[in-house]
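Here the structure comes first, spelled out in structure tokens, and everything after it is commentary.
Protein chains: 2
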Amino acid sequence: MKKSITLKELAKLLKVSVSTVSKALNDSHEISESTKRKVEEAAKLHNYKPNRAALNLKSGKTNTIGVVLPSIKNFFLARALRGIESVIANTDYNIIISITNESHEKEVKSVEALTNGMVDGLIISVSEETQVLQEFSHLNEIPDDIHVLMFDRVENSVQCDKVLVDDYDAILKAVRDLKFKGRNKIVLASTINKLSVGQLRTRGYIDGIKDQHEPILIEGPEDFVEVKMNRLLQEQEIEAIIALDEEASLASFRAGKKNGVLENGKVFLIGYAGKTMSEHLTPSLTTIDQHGKKVGRTSAKLLLERLKKPQRDIQQIVVDSTLRERDTTLKRS
Amino acid sequence: MKKSITLKELAKLLKVSVSTVSKALNDSHEISESTKRKVEEAAKLHNYKPNRAALNLKSGKTNTIGVVLPSIKNFFLARALRGIESVIANTDYNIIISITNESHEKEVKSVEALTNGMVDGLIISVSEETQVLQEFSHLNEIPDDIHVLMFDRVENSVQCDKVLVDDYDAILKAVRDLKFKGRNKIVLASTINKLSVGQLRTRGYIDGIKDQHEPILIEGPEDFVEVKMNRLLQEQEIEAIIALDEEASLASFRAGKKNGVLENGKVFLIGYAGKTMSEHLTPSLTTIDQHGKKVGRTSAKLLLERLKKPQRDIQQIVVDSTLRERDTTLKRS
DNA sequence: CTGTTAGCGCTTTCAA
DNA sequence: TTGAAAGCGCTAACAG
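Those sequence lines, one after another, are chains D and P.
According to the working numbering, the first sequence is numbered sequentially starting from 7.
According to the working numbering, the second sequence is numbered sequentially starting from 7.
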């Protein structure tokens, strides 16, 4: 690995002034072709790379967008990240990612680190802990000139652009779909009952089911959901399960298989999970596809637009999810 | 969101000099307690946050470690990332992540962006394209004072610390294990034949199998592996499959199920896949666990040590993988 | 066409 | 105990 070299050193080597070198490298019209060539050669030879910190300090811009995510195990967030990247890749912005692992403290640290001159804009989906604590001051303290966009797990009290998923409607539609298929006794499983999105989905279920029966909710950690679901399937004549996240989906799936009610279509199951996982389960899992990539792309585009036009009105975009029918909602003989 | 404020402005407000404010905020002994208090109050009130770019420029350090990964869909890399984070989280370093999506161009861009004054150190696993092109100049051009650590997909010609997985040995052991179980005719499936790690694993297979029969290799994209494997299972009496990556594992799994040879144990299958996926397949998949998290932790620790002692000799650490026996290597009636 | 200079926000001698 | 000034690497008026 070579040694890094500064403009000043380069200038000394070439026996010209720093500004000449700077201008030459920036292809300024006020520099002769011959010096430009000389400077460029020397720069290449010595592997000159402008110092980012200096550039940032000078310009007040960083040309970097920060992305703060609670997790990348979550397939939806992973896809959203790809969507964001695919858009940013076509710009001259860099992207830096920070994962909070659902920790509020890590989120605060990340946001502070990023917004103190590391990024021009921030795309964030908050951590579970942040939503539980309802503690958003770290977002409200972000300086004006750094633009923030929240997606998926958003918070109304924070004034910024937002990209959401139609959580309430998606589950409402799922319930209706099940009812249409003659499944009236439906149980809900969730490990994300502390998340805004989980609560919206649950509300969709409650509203959708209210004409049939009292809501049957199994909410808690994955193990808990599995145990409870197992018991429920033994004790009651459940006709369908809606699971609100991958963990609840898999827990429900295991419980269903254990009771042999999934293979024969006695109990239908609609869950949330990635494509690969859903298709490799036996029977394959019907899911609600939230179009993570589209959510990511939309978020990135929206932030980019705001970066261009800081004065624009705050926007909010909802991305619709769609039902992907697979074997767990298929009537068998 | 508030307005950001600089040291200078704060000084003006307090009618003291910039240096006094700076010292007070850094808790210097040469400032009186009373001014310290006043300054700190004002700083809090106006939500003062030191400008990172200025700090970096001044100190020549960034307190940030860059992590460049080819993908996060890959469960091993995702786990490695968590390992890295878990170590860095306990230091005062920040971490910024860049995903290259297996593209050489993106990798070059990322590395350049990061190493031009954004980070003090870099942890990288190179992209597939980079390994195919054998193009590593972007790594060799990184300035001396930025320390690099390669993990998993490493390149000998780059002088830096390295953390590897025992790819060759792991497969060699897997072959032996299968032979011990009486499975002699073994086929190898891989979608990563262009990666160094894939080639090492393949060599382990070839060396392990050489006393039994000519190697039977199915190498190519996921679809191709599935089709070929399907045909092979119909035409020959295969006793076991070793799949070198998640895609090949799933393709082999599908082909095996289609031929009904996995459920009855007629064909054994050892693959690479995450825990959740492996356990939810039916039958569940025996895998080689590469201990991604440990790889990540080891990498981060090693880099941190080098950051402390830049002069230390270059190190190379190998993390052993272990076989996780599940149903696809279980003898049935 | 080239050079001098000031300044981005901050820390840190050195002087007062 | 406080302040003035230099300088980190770079750009961009402004002079020459």
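Even for Gly, the Cβ is constructed at its ideal location relative to N, Cα and C.
(1) By the three-class DSSP mapping on this structure, what secondary structure does Arg330(P) have?
(2) Excluding the 5 residues flanking His297(D) on each side, which residues of the same chain have their C-beta closer than 6 Å to its C-beta?
(3) Have a look at Leu120(P), Lys29(P), Thr304(P) and Thr136(P) and flag the residue whose alpha-carbon is nearest the alpha-carbon of Asp167(P).
(4) Do the CB positions of Val74(P) and Ala306(P) come within less than 9 Å of each other?
(5) In three-state DSSP terms, what is Lys168(D)?
(6) Please list, in chain order, all residues of the same chain as Thr26(D) whose beta carbon is under 6 Å from its beta carbon, the five residues on each side excluded.
(7) So, is the C-beta of Pro56(P) closer than 9 Å to a C-beta in chain D?
(8) Which ranges does the beta strand (DSSP E) cover as unbroken runs of at least 3 residues, wholly within the region 86-152 of chain D, from first to last along the chain?
(9) Which residues in the same chain have their Cβ closer than 6 Å to the Cβ of Phe81(P), if we skip the five residues on either side of it in sequence?
(10) From the DSSP output, in three-state form, read off Met7(P) for me.
(11) Give, in chain order, every residue of the region 34-56 of chain D whose Cβ lies closer than 7 Å to some Cβ of chain P.
(12) DSSP three-state label for Ser77(P), please.
(13) Between the C-alpha atoms of Leu83(D) and Ser77(D), what's the straight-line distance to the nearest angstrom?
(14) For Ser28(D), which three-state DSSP category applies?
(15) What does DSSP give as the partner residue(s) for Gly72(D) in the beta ladder?
(16) Are the C-beta of Asp150(P) and some C-beta of chain D separated by less than 9 Å?
(17) Are the region 216-236 of chain D and the region 253-261 of chain D touching by the rule of at least three beta carbon pairs closer than 8 Å?
(18) Could you give the distance in angstroms between the alpha-carbon of Asp90(D) and the alpha-carbon of Ile222(P)?
(19) For a contact defined as C-beta to C-beta under 8 Å, what are the partners of Asn32(D) on chain P?
(20) Inspect the CB distances between the region 151-160 of chain P and the region 311-327 of chain P and report whether three or more fall short of 8 Å.
(21) Any Cβ of chain D within less than 9 Å of the Cβ of Phe259(P)?
(22) Taking C-beta pairs closer than 7 Å, name the residues in chain D that Gly123(P) reaches, listed in chain order.
(23) Compare the C-alpha of Asn270(P) against each of Glu241(P), Lys200(P), Glu147(P) and Arg338(P) and name the closest.
(24) Gln321(D) lies in the alpha helix (DSSP H); which residues open and close that run?
(25) What three-state label does DSSP hand Ala279(P) in the structure shown?
(26) Should Leu223(P) be counted as a contact of the ligand NAP given a C-beta to heavy atom distance under 8 Å?
(27) Using 8 Å as the cut-off, can you tell me whether the region 192-199 of chain D makes contact with the region 235-255 of chain D, which would need three or more C-beta pairs spanning the two stretches below that distance?
(28) Are the region 127-139 of chain D and the region 107-116 of chain P in contact at 8 Å, needing three or more beta carbon pairs?
(29) Ile215(D) and Ile244(D) look like a contact to me (Cβ under 8 Å); what is the Cβ gap, rounded to whole Å?
(30) Can the beta-carbon of Asn62(P) be found closer than 9 Å to that of Ala119(D)?
(31) Using the Cα positions of His144(P) and Gly210(D), report the straight-line distance between them to the nearest angstrom.
In this structure, then:
(1) The three-state secondary structure of Arg330(P), taken from DSSP, is strand.
(2) Take His297(D), set aside five residues on each side of it, and the residues of its chain with a beta-carbon closer than 6 Å to its own are Val325, in chain order.
(3) Measuring from the Cα of Asp167(P), the nearest candidate turns out to be Thr304(P).
(4) no
(5) strand
(6) none
(7) yes
(8) 100-105 and 127-130
(9) Gly280
(10) Unreliable placement is indicated for Met7(P), whose pLDDT of 49 sits below 50; no coordinate value is reported for it.
(11) Asn53, Lys55 and Pro56
(12) coil
(13) C-alpha separation (whole angstroms): 7 Å.
(14) helix
(15) Ile102(D) and Leu128(D)
(16) Asp150(P) counts as touching chain D.
(17) yes
(18) Asp is not the amino acid found at residue 90(D); the sequence shown has Ile there. Between Ile90(D) and Ile222(P), the C-alpha separation is close to 41 Å.
(19) What Asn32(D) touches in chain P: nothing, since even the nearest Cβ is about 16 Å away.
(20) yes
(21) yes
(22) Asn57, Arg58 and Ala59
(23) Arg338(P)
(24) First-last for Gln321(D): undefined, no H or E at that position.
(25) coil
(26) As presented, the structure is devoid of all ligands, the ligand NAP included, so that no description of it is given.
(27) yes
(28) no
(29) The Cβ separation is near 12 Å, so there is no contact.
(30) no
(31) 51 Å
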